[in-house]
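Step one of this worksheet: look at the structure below.
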Amino acid sequence: MRKTVKILHSIAAGGLVGGLLAYAVLLLVAPQETPAAYADLRASIALLGNLVLLPSLAIALVSGLVAMVVHRPFIDMGWVWVKAALGILMFKGVLTVIGAKADYAAGVAARMATGEAPPDALADLLALEWGTLLAVGAIAIANYVLGIWRPKLMRPLPSDAAPRRAG
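The letter at position 97 of the sequence shown is residue 99 when you use our numbering, and the numbering goes up by one with no holes.
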């Protein structure tokens, strides 16, 4: 069970980082010259968020928490708790900003393509999107580093050691 959870967690983490990289590549190199092309880009990003990023993140987060249950020593390790906290931050970032804003931007881009919205309707959103994408990417890399490096952030007391009193 432990190896299965670890493999699932690793695959999901790879899907998450790959999805974030694909998102950035789409923003950088996809055709955006016409409103229709931009609307297609936004639809692709929304699809990527819904089919790759959100499921990968959910699986990575849940499998990480399950790993703590099936391998009890993880509960006493500080790096595991830091990874859990960072995972929750990533989930919030992906879910609320990347996932929701990508869907919103796809709708606005479609309205831009039909002339219902001005051409600069997404300018502010794009800056926020890049900032969030970079922040979530940095958190994902930090989680990778913690999972490989496994620093001793907290040292638990042995269960049979009682605190000693001075004097």
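Even glycine gets a Cβ: it sits at the ideal position worked out from N, Cα and C.
Keep in mind the model is a prediction, meaning the values are calculated, not measured.
{"Asked": "May I ask which residues mark the beginning and end of the alpha helix (DSSP H) holding E131?", "Found": "125-151"}
{"Asked": "Helix, strand or coil: which one does DSSP assign to P21?", "Found": "The sequence shown places Gly at residue 21, rather than the Pro named in the question. Helix at G21."}
{"Asked": "Is the separation between the beta-carbon of L28 and that of L43 shorter than 8 Å?", "Found": "yes"}
{"Asked": "Considering only the alpha carbon of each residue, which of S65, P75, G20, L135 lies closest to T98?", "Found": "L135"}
{"Asked": "Inspect the beta-carbon positions of A62 and H11 and report whether they are closer than 8 Å.", "Found": "yes"}
{"Asked": "Examine the Cβ distances between the stretch 82-99 and the stretch 130-148 and report whether three or more of them are shorter than 8 Å.", "Found": "yes"}
{"Asked": "Quick test of your reading: G21 and V72, contact by CB under 8 Å. State the CB separation rounded to the nearest angstrom.", "Found": "With a Cβ gap of about 26 Å, G21 and V72 do not count as contacting."}
{"Asked": "Please state whether DSSP places H73 in a helix, a strand or coil.", "Found": "coil"}
{"Asked": "Output yes or no for whether 8 Å exceeds the beta carbon distance between L91 and S58.", "Found": "no"}
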